[in-house]
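Undergrad:
Numbering (our numbering), first residue to last: 1 to 64.
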């Protein structure tokens, strides 16, 4: 799990999270309605974490 967290903090992992967030927002817009809004709001998470350089795996992985 630590290796995945390290990968996600590299530039390619951060970029992948931003792309995932943009895709989720696009899907949410395409779906529309309350479900689409929910998907779009969830898409903001990967964008925020990717641009800030933080990984959610850091919060759930035990430190050594």
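Beta carbons: idealized from backbone N, C-alpha and C, even for Gly.
#1: Do residue 8 and residue 55 have their C-beta atoms within less than 7 Å of each other?
#2: Using only CA atoms, which one of 44, 61, 60 lies nearest to residue 17?
#3: Relative to the C-alpha of residue 21, which residue among 30, 42, 31, 38 is closest?
#4: Given residue 23, which residues of its chain have a CB within under 8 Å of its CB, disregarding the five upstream and five downstream residues?
#5: Leaving out five residues before and five after residue 25 in sequence, what residues of the same chain have Cβ atoms less than 6 Å from its Cβ?
#6: Should residue 11 be labelled buried (16 or more other beta-carbon atoms within 10 Å of its own) or exposed?
TA: The answer reads as follows:
#1: Yes.
#2: Cα-wise, what sits closest to residue 17 is 44.
#3: Residue 42 is the option with its Cα nearest to residue 21.
#4: For residue 23, the CB contacts under 8 Å within the same chain, skipping 5 residues up- and downstream, are 43 in chain order.
#5: Counting only Cβ-Cβ distances below 6 Å, and skipping sequence neighbours, we find 40, 43.
#6: Its Cβ having fewer than 16 others within 10 Å, residue 11 is exposed.
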